[in-house]
């Protein structure tokens, strides 16, 4: 199938897919956030790359990759120099204004299996997944990936505390849960057609990232492109991608692999995501601007019961 590609004229497309998020009705006493629809400026896109299964536990440097946006003046697309900077400088000043209160981190009901050698999507209770999908509007297959990754990380990194709703918030902002541009998440977890960003060829304010994967993930043998429902750069996926369904392949176009990789990275960067500082540090490592954190938090709150 032909991959979904963001139009070059779309300024925000490579940094994150353009969506029109709703303005959630937030729970009193929690995050005070209003999500604006569609016309925010381009931003630095810090695309993950983790080695924690996403929870796996071997994240090396910080963000897996990112794109450059003159609106924010930050860049790092797998460049060695920026990776060194990421290691020595915090992603977030904890006192910085504009970052949200950490949303409540929710754990799903478990199906009761052990976490090892069980595909991540089979870890949550099917009854819980169906009911929660109907309540939130999140496709049940994508929801199973978010929930399963949260269950697995709760066992492998209990100090992290990441909730399925934070992962769902990122999935909503990045690719509308794998449905951007008419794509869909199949029962197998594969996203078809694949969601692929524009060429990172140095034009229109984008950093130039020559091809690193021979076109294997993004279909482009000249330039790299962000790929999959969680939008990874091929080079960083090659270093940190996780196999969450135990099929022997770490695939950024598979919702389980992409979400588990994201979960591990967030835990690695944020530590305790039940705290404001930890949650915002994790999200800003994924994508630096406070506006992005507010959007993710708004969705995470929206999905909370």
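Residue numbers (full-length UniProt numbering): 1 to 305. Note that the Cβ used here is the ideal one computed from N, Cα and C, for glycine as well.
Nearest-angstrom Cα separation, counted from residue j out to residue i
{"i": "residue 99", "j": "residue 279", "result": "10 Å"}
{"i": "residue 155", "j": "residue 198", "result": "37 Å"}
{"i": "residue 208", "j": "residue 225", "result": "10 Å"}
{"i": "residue 263", "j": "residue 105", "result": "13 Å"}
{"i": "residue 276", "j": "residue 102", "result": "5 Å"}
{"i": "residue 88", "j": "residue 284", "result": "Caution is warranted here: a pLDDT of 28 is assigned to residue 88, below 50, making its placement in the model unreliable, and the coordinate value is therefore given only provisionally. Taking the straight line joining both Cα atoms gives about 15 Å."}
{"i": "residue 163", "j": "residue 150", "result": "6 Å"}
{"i": "residue 288", "j": "residue 271", "result": "17 Å"}
{"i": "residue 113", "j": "residue 123", "result": "6 Å"}
{"i": "residue 281", "j": "residue 215", "result": "32 Å"}
{"i": "residue 206", "j": "residue 111", "result": "44 Å"}
{"i": "residue 135", "j": "residue 242", "result": "29 Å"}
{"i": "residue 246", "j": "residue 119", "result": "6 Å"}
{"i": "residue 256", "j": "residue 129", "result": "15 Å"}
{"i": "residue 267", "j": "residue 158", "result": "10 Å"}
{"i": "residue 116", "j": "residue 202", "result": "42 Å"}
{"i": "residue 228", "j": "residue 269", "result": "21 Å"}
{"i": "residue 393", "j": "residue 187", "result": "With the chain represented from 1 up to 305, any question about residue 393 goes unanswered, as that position is not in the structure."}
{"i": "residue 109", "j": "residue 219", "result": "38 Å"}
{"i": "residue 261", "j": "residue 190", "result": "15 Å"}
{"i": "residue 240", "j": "residue 127", "result": "32 Å"}
{"i": "residue 305", "j": "residue 233", "result": "34 Å"}
{"i": "residue 253", "j": "residue 173", "result": "16 Å"}
{"i": "residue 238", "j": "residue 125", "result": "31 Å"}
{"i": "residue 148", "j": "residue 217", "result": "24 Å"}
{"i": "residue 131", "j": "residue 286", "result": "29 Å"}
{"i": "residue 204", "j": "residue 248", "result": "38 Å"}
Beta-bridge partners of residue i, as assigned by DSSP
{"i": "residue 322", "result": "Nothing can be reported for residue 322, as the shown portion of the chain is limited to 1 through 305."}
{"i": "residue 254", "result": "190"}
{"i": "residue 210", "result": "223"}
{"i": "residue 218", "result": "The partner list for residue 218 (beta bridge, DSSP) is empty, contrary to what the question assumes."}
Cβ-based neighbour list, residue i, same chain, cut-off 6 Å, excluding 5 preceding and 5 following
{"i": "residue 169", "result": "296, 299, 300"}
{"i": "residue 222", "result": "211"}
{"i": "residue 303", "result": "136, 165, 168"}
{"i": "residue 145", "result": "121, 255, 256, 259"}
Contact set for residue i: own chain, Cβ-Cβ below 8 Å, skip 5 residues either direction
{"i": "residue 133", "result": "139, 140, 143"}
{"i": "residue 273", "result": "102, 105, 160, 161, 162, 163, 166, 266, 267, 279, 282"}
{"i": "residue 310", "result": "What is shown of the chain runs 1 to 305, which leaves residue 310 out entirely."}
{"i": "residue 107", "result": "150, 151, 154, 163, 164"}
Where residue i falls: helix, strand or coil (DSSP)
{"i": "residue 244", "result": "coil"}
{"i": "residue 230", "result": "coil"}
{"i": "residue 192", "result": "strand"}
{"i": "residue 185", "result": "strand"}
{"i": "residue 293", "result": "helix"}
{"i": "residue 237", "result": "helix"}
{"i": "residue 272", "result": "coil"}
{"i": "residue 304", "result": "coil"}
{"i": "residue 22", "result": "With a pLDDT of 38 at residue 22, under the threshold of 50, the predicted position of this residue should be treated as unreliable, though the coordinate-derived value follows. Three-state result, residue 22: coil."}
Contact set for residue i: own chain, Cβ-Cβ below 7 Å, skip 5 residues either direction
{"i": "residue 250", "result": "241, 242, 243, 257"}
{"i": "residue 192", "result": "1, 183, 184, 186"}
- Message: Can you confirm whether the region 287–296 touches the region 178–189 when touching is taken to mean that 3 or more C-beta pairs between the two stretches lie within less than 8 Å?
- Response: Cβ pair count under 8 Å is below three, so no.
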